[in-house]
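*Asks:* If you want our numbering, it's the position in the sequence shown, counting the first as 1, plus 102.
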Amino acid sequence: MSDTILLAGSGYQRSKVPVPVTGASNIDVPGLAAVFACCAALYLVIYALEAPVRYGLYLAGKDSFILLRDGLMAVPLILLCAAQANQLRLHPAFLAFGVAMAFHGLVLMGTVGSVTGAAYGVKVVMNLLFGFFVAGMLIAPQGRMLRLFAVLWVLIMIGIILDKWGLPFPWTGMTTQVGDLNVDVSKDWQISDPFARRVAGFTRSSIAVAAILPCLAIVLMCRMRSLRWRMALALPSVIGVFLTTQKGSLIAFVPIAFLLCLPSVLRLGWLRICFLGFLLLAAGLPLFTHGLHLDHGDGVFSMESLFLRIAYTWPDAWDWIARNQMLVFGVGLGGIGGPQRLYAPSAFNPADNIAVLLYAYFGLFAVLYAAMTAWLAFKPVASGKIRRAEASVAILAFAAGYGVVLSVIEDQAACLFLGAAVGTLWRETIITRPEEPQAIPSQMEVPDDREQQQRSATRNRQLRPGRI
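This is the structure we're talking about:
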């Protein structure tokens, strides 16, 4: 067995032996890089157009076929794992993920005794692993993937506008049956005021729009070199999120969009602070508001939804966790949220907070996982790919910010981008790799290397001694 294969399997390079990766991903089997890219693209297309896709399946009487979408995540991971195992090696991400899933899955089977609940939990977090491997393919896309992101952004905005201004979509208010579960598609909130009416556009729900639109906007903004282009994209994106009436996403996205429009020397530092602030807020709000009475009004733009979380959702979630957890290990993988519909439908609780969901899933290990993610976010960018790090930290900050009022891990697209952000930071901060060929930049794009050279030239001019 060659040293190159061994070192690639461990994830670290020694004696300057290059790690064989493809593109900006963590995939070291070149033939599978295209498979991952195609599956990720198709998955995001289905997510962005989920309402008409489900409507078509409903008309054909094949509602359960939507589950085939999860195969786009599972099959490439199985192929990559098999290809590496055939060479007697395994990427450390597979080992870490497998051990964590097995342990926390066994915890759930010990607490509530549900194998299907644990399997559902694996389905929820599987997108994190897939995203980790595709990494920069999603965070710093180029070529066709970049154009696809732009097209998806346009389609989502068109869907929001058409839905908001009263175009009657045939799937609005539709309910489908997937297995034993009833699934709402483009839920009709029965709000007559067009200004306050929640819209889903072509996606499954307003939450889905508010989750994917900021992620696409962040990635596209970070591929632009002009601050004016960034602001031109940020403004309609913020308006689009506002039209969904999802306040949590709006509050999280606005400061991130603002920071991405700052000069390059300021962006990364402030994004890190923003991420840490949102992370602490997500962890602290369900704890320190317990028993708090919050005055509120009515309507989607009031504080009513936050009051409901403080008064009912979070206390009920803590009660469920306290009655079912195993020591400090939480309830186990799939211990709250969607998986409950399989083994405890009468006790279903949406969690509506990323920290609550993570603690139910992983117990005190959730603190370790969050700390490791924060450590990656604050590590120096060894590769010099600053804009990739900016996009990654911005995605983490948005996930933590929206996660204050939503168990964002359960959203497929947000979970996928979250895993890609972690994978990109792991790649760009932990492992020094050989320089990669860059595509010819368009007018709006500039490679990270050129931006780094511009920064170095600016610093050299500032440090040059003056003439007397």
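All C-beta atoms, glycine included, are put in the ideal place defined by N, C-alpha and C.
Looking at the structure shown, is residue 279 part of a helix, part of a strand, or coil, going by DSSP?
*Replies:* Note: residue 279 maps to strand in three-state DSSP.
*Asks:* Between the C-alpha atoms of residue 371 and residue 489, what's the straight-line distance to the nearest angstrom?
*Replies:* Each residue's alpha carbon lies about 12 Å from the other.
*Asks:* Please confirm whether residue 421 and residue 507 have their CB atoms less than 7 Å apart.
*Replies:* Taking 7 Å as the Cβ cut-off, residue 421 and residue 507 do not qualify as a contacting pair.
*Asks:* Considering only residues of the same chain and omitting the five flanking positions on each side of residue 541, which have a CB-CB separation below 7 Å?
*Replies:* Confidence at residue 541 is low in this model, with a pLDDT of 42, below 50, so the placement of that residue is unreliable and no value is reported for it.
*Asks:* Compare the beta carbon distance of residue 134 and residue 182 with 7 Å and say whether it is the shorter of the two.
*Replies:* Yes; because the gap between Cβ atoms is below 7 Å, this pair is in contact.
*Asks:* Give a yes or no on whether the C-beta atoms belonging to residue 273 and residue 157 are separated by under 7 Å.
*Replies:* Taking 7 Å as the Cβ cut-off, residue 273 and residue 157 qualify as a contacting pair.
*Asks:* Quick check on residue 455: does DSSP put it in helix, strand or coil?
*Replies:* Three-state DSSP puts residue 455 in coil, outside helix and strand.
*Asks:* Among the candidates 395, 474, 435, 249, whose CA atom is the shortest distance from the CA of residue 202?
*Replies:* For the residues 395, 474, 435, 249, the minimum Cα distance to residue 202 belongs to 435.
*Asks:* Leaving out the 5 sequence neighbours to the left and right, which residues in its chain are closer than 6 Å to residue 314 when beta-carbon positions are compared?
*Replies:* Correct list, in chain order: 515.
*Asks:* To the nearest angstrom, report how far apart residue 317 and residue 392 are at their CA atoms.
*Replies:* Roughly 31 Å between the two C-alpha positions.
*Asks:* Please go through the same chain and pick out, in chain order, the residues whose beta-carbon is closer than 6 Å to the beta-carbon of residue 545, but skip the five residues on each side of it.
*Replies:* Here the model assigns residue 545 a pLDDT of 40, short of 50, so the residue's position is not dependable and the matter cannot be decided.
*Asks:* Where does residue 188 fall in DSSP's three states?
*Replies:* Helix.
*Asks:* Based on DSSP bridge pairs, tell me the residues matched to residue 286.
*Replies:* Answer by DSSP bridge pairing, in chain order: 277.
*Asks:* When we look at the beta-carbon of residue 390 and count the other beta-carbons within 10 Å, is it buried (16 or more) or exposed?
*Replies:* Exposed, because fewer than 16 other Cβ atoms sit within 10 Å of the Cβ of residue 390.
*Asks:* Please name the residue, chosen from 430, 388, 431, that lies closest to residue 410 on a Cα-to-Cα basis.
*Replies:* Checking every option, the nearest Cα to that of residue 410 belongs to 388.
*Asks:* Which of the three DSSP states is assigned to residue 306 in this structure?
*Replies:* Three-state DSSP puts residue 306 in coil, outside helix and strand.
*Asks:* With distances taken between CB atoms, is the gap from residue 283 to residue 171 smaller than 7 Å?
*Replies:* No, they are not a contact pair.
*Asks:* Is the beta carbon of residue 458 closer than 7 Å to that of residue 234?
*Replies:* Contact: no.
*Asks:* Looking only at its chain, what residues have a beta carbon closer than 7 Å to the beta carbon of residue 547, apart from the 5 residues adjacent to it on each side?
*Replies:* In this predicted model, residue 547 has a pLDDT of only 48, less than 50, meaning its place in the structure is not dependable enough to derive any value.
*Asks:* In three-state terms, what does DSSP make of residue 144?
*Replies:* Helix, per DSSP.
*Asks:* Go ahead and label residue 341 buried or exposed: buried means 16 or more other beta carbons lie within 10 angstroms of its beta carbon, across all protein chains shown.
*Replies:* Residue 341 comes out exposed.
*Asks:* Report the residue from 185, 493, 367, 433 whose alpha carbon sits nearest the alpha carbon of residue 219.
*Replies:* It is 433 whose Cα lies nearest to the Cα of residue 219.
*Asks:* Quick test of your reading: residue 247 and residue 139, contact by CB under 8 Å. State the CB separation rounded to the nearest angstrom.
*Replies:* Right, the Cβ-Cβ distance comes to about 6 Å (below 8 Å), so this counts as a contact.
*Asks:* Going straight from the alpha carbon of residue 322 to that of residue 252, what length do you get?
*Replies:* Roughly 7 Å between the two C-alpha positions.
*Asks:* Can you list, in chain order, the residues of its chain whose CB lies under 7 Å from that of residue 216, leaving out five sequence neighbours each side?
*Replies:* These residues qualify, in order along the chain: 210, 444, 445.
*Asks:* Are the Cβ atoms of residue 376 and residue 499 separated by less than 7 Å?
*Replies:* Yes, Cβ-Cβ distance for residue 376 and residue 499 is below 7 Å.
*Asks:* Whose C-alpha, out of 304, 320, 440, 265, is nearest the C-alpha of residue 345?
*Replies:* Of the candidates 304, 320, 440, 265, the one whose C-alpha sits nearest the C-alpha of residue 345 is 265.
*Asks:* Taking residue 222 as the reference, give the member of 501, 437, 482, 492 with the closest Cα.
*Replies:* Cα-wise, what sits closest to residue 222 is 437.
*Asks:* Let me check understanding here. Comparing Cα to Cα, which of 412, 450, 300, 405 lies closest to residue 423?
*Replies:* Checked all of 412, 450, 300, 405; the closest Cα to residue 423 is 450.
*Asks:* How about residue 488: is its C-beta nearer than 7 Å to some C-beta of chain C?
*Replies:* Checking the listed chains, one finds no chain C in this structure; it contains a single protein chain.
*Asks:* Helix, strand or coil for residue 244 per DSSP?
*Replies:* DSSP places residue 244 in coil when its eight states are reduced to three.
*Asks:* Taking the alpha carbon of residue 269 as the reference point, which residue from 419, 501, 128, 299 has its own alpha carbon closest?
*Replies:* Checked all of 419, 501, 128, 299; the closest Cα to residue 269 is 299.
*Asks:* Measuring straight from C-alpha to C-alpha, what distance separates residue 538 and residue 348?
*Replies:* With a pLDDT of 47 at residue 538, under the threshold of 50, the modelled position of that residue is not reliable, and the figure given next carries that caveat. In a straight line, the C-alpha of residue 538 is about 39 Å away from that of residue 348.
*Asks:* Leaving aside the five residues before and after residue 417 along the sequence, list all residues of the same chain whose C-beta is less than 7 Å from its C-beta, in chain order.
*Replies:* Closer than 7 Å at Cβ, skipping near neighbours: 392.
*Asks:* Which of the three DSSP states is assigned to residue 166 in this structure?
*Replies:* Correct three-state label for residue 166: helix.
*Asks:* Going by the CB atoms, is the gap between residue 475 and residue 241 shorter than 7 Å?
*Replies:* No.
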